[in-house]
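Numbering (full-length UniProt numbering), first residue to last: 1 to 120. Glycine included, every Cβ here is placed at the ideal spot set by N, Cα and C.
This is the structure:
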């Protein structure tokens, strides 16, 4: 992590030392600078992977960059694919499983830390 002295902006480098955005899977919480969000960077080529049913006391936003996933949101199934943004409201049960072409996305949790209530 590098802080830029005058502005207080912060640069966070990949923990694995790579300097590209490929195959980047990592979780970030309590980001500096008052960001107020936590992040999950997800990248997989596996079909059918994903978390079991859960909810959060805050909204979660999925920015899908590659591939697709079948999301179950409050009992309704929908396909999220590259180029789409899905916003799941606070306290809404949801889960997903990755599609046949893999999945790469940024999950933004509207909270500085992860608070997850597992429902299955």
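Point to revise | Distance between residue 119 and residue 124 (C-alpha atoms, nearest Å) | key: Within the shown structure, residues of the chain are numbered from 1 to 120, placing residue 124 beyond reach of any answer.
Check your understanding: Excluding five sequence neighbours on each side, which residues of the same chain lie with their C-beta closer than 8 angstroms to the C-beta of residue 111?
Key -> 36, 37, 38, 56, 57 and 58
Point to revise | residue 25 in three-state terms, based on DSSP | key: coil
Check your understanding: Roughly how far, in whole angstroms, is the beta-carbon of residue 50 from the beta-carbon of residue 69, given that I think they are within contact range, below 8 angstroms?
Key -> 6 angstroms
Check your understanding: Exposed or buried, which one is residue 23 when buried takes at least 16 other CB atoms within 10 Å?
Key -> exposed
Point to revise | Whole beta strand (DSSP E) elements within the region 27-92, 3-residue minimum | key: If you keep only unbroken beta strand (DSSP E) runs of at least 3 residues inside the region 27-92, you get 38-44, 60-73, 76-81 and 85-88.
Check your understanding: Can you name, in chain order, every residue of its own chain whose Cβ lies under 8 angstroms from the Cβ of residue 30, other than the five neighbours on each side?
Key -> Short of 8 angstroms from the beta carbon of residue 30, and not among the five residues preceding or following it, lie these beta carbons of its own chain, in chain order: 38, 112 and 113.
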